[in-house]
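S.K.: I have a structure I would like to understand better, so I am pasting it below and will then ask my questions one at a time.
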Amino acid sequence: MPQQDATLLSGTVFDEDAEISVVELCERCCIDRPMVEELIAEGILEPHYAADDTDVRLPYRSVRVTRIAVRLQRDLGVNLAGAALALELLQHIDELRAQLRQRG
158 MPQQDATLLS GTVFDEDAEI SVVELCERCC IDRPMVEELI AEGILEPHYA
208 ADDTDVRLPY RSVRVTRIAV RLQRDLGVNL AGAALALELL QHIDELRAQL
258 RQRG
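This is the structure:
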């Protein structure tokens, strides 16, 4: 009987509607609050504000988006406007792939 290579996959499952605080995002992505504010100003992150505008929450997918933006900046020297464009194009590619999977 041939032996099978058992590959263990791991990951974190989260609710698509889950939100994260700015502090949690900073911790998970190893960035500071001014960087988060720049990402919000550039339109890369879409915050949700409480009724009194004091508590800022972000969709949990912001962790992935932030990590990509930081990597583009750090590894490729892309400015935030360029990162925003790259992220928009990546999202469009994901949408097109999803459409292809539905047709296939």
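Using our numbering, the first residue of the sequence shown is number 158, and each one after it goes up by one. The beta carbon of each residue, even a glycine, is placed where N, CA and C say it ideally should be.
(1) Rounded to whole angstroms, how far is the Cβ of Ile177 from the Cβ of Tyr217, which I believe are closer than 8 angstroms?
(2) Among residues of its own chain, excluding the 5 on either side of Arg224, which ones have a beta-carbon nearer than 6 angstroms to its beta-carbon?
(3) State the start and end residues of the unbroken alpha helix (DSSP H) segment that holds Ile225.
(4) What span of residues does the alpha helix (DSSP H) with Pro191 cover, start to end?
(5) Output the boundary residues of the alpha helix (DSSP H) element that contains Glu176.
M.R.: With the structure as the only source:
(1) 5 angstroms
(2) Cys186
(3) 219 to 233
(4) 190 to 198
(5) Glu176 -> not in any alpha helix (DSSP H); beta strand (DSSP E) instead, spanning 176 to 178.
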